[in-house]
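Everything below concerns the one structure shown next.
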Amino acid sequence: MKPSTKDFYQRVYEVVAKIPEGKVTSYGVIAGYLGVESGARMVGYALNNYDPEQLGYHIPAHRVLNRLGQLTGRAFFEDDSMRERLEQEGVEFTSEYTVNFNKHFWNPFDEL
DNA sequence: GCCTTGACGTTAG
DNA sequence: ACTAACGCCAAGG
């Protein structure tokens, strides 16, 4: 059965929804987990396009960062709500918009 | 249907 | 170690 882009988005949402509180992961890792190694940008695109109403549930998109642990998607959140949420969950920051990836990194495969 | 853009990542210089 | 360029694939103009 041919996986459509819609299914890909759906899978992205499902994976992101499983990220535990206080943990973070990256776009590339999610893409790789879904079998699309070079689809990191699409993950970001999926999150940008995601609609809680249509999806039926809401996902912690603020826990998805780039491979360096930087909050590259902060512009899509209200003010600094992305950083504030992470701090509130106990995530340690190494700089203004960079988290301690080594300490809080979450791998989708660990879930198995 | 071609061109540009982008919540990314890797490689080359 | 730092910066520039390219590859990637879907969406919108």
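Per my numbering, the very first residue in the first sequence carries number 3; after that it's consecutive.
Just so it is clear, CB atoms sit at the ideal spot from N, CA and C, and this is done for glycine as well.
- By the Cβ neighbour-count rule, Leu-70 is exposed, with fewer than 16 other Cβ atoms within 10 Å of its own.
- When the beta-carbon positions are compared, Ser-28 and Val-66 come within less than 9 Å of each other.
- DSSP places Ser-83 outside any beta strand (DSSP E); the residue lies instead in the alpha helix (DSSP H), whose first and last residues are 83-90.
- In the three-state scheme derived from DSSP, where H, G and I count as helix and E and B as strand, Leu-73 is classed as coil.
- Per DSSP, Phe-103 lies in no beta strand (DSSP E); the unbroken alpha helix (DSSP H) holding it starts and ends at 103-106.
- CA-CA distance, Gly-58 to Asp-9, rounds to 15 Å.
- For Leu-36, the secondary structure class from DSSP, reduced to helix, strand or coil, is coil.
- By the criterion of a C-beta distance shorter than 8 Å, Thr-96 is surrounded in its chain by Gly-71, Asn-102, once the five residues flanking it on both sides are discounted.
- Apart from the 5 residues on each side of it in sequence, Arg-13 sits with its Cβ closer than 7 Å to the Cβ of Leu-36 in its chain, given in chain order.
- About 5 Å separates the Cβ atoms of Arg-87 and His-64, confirming a contact at the 8 Å cut-off.
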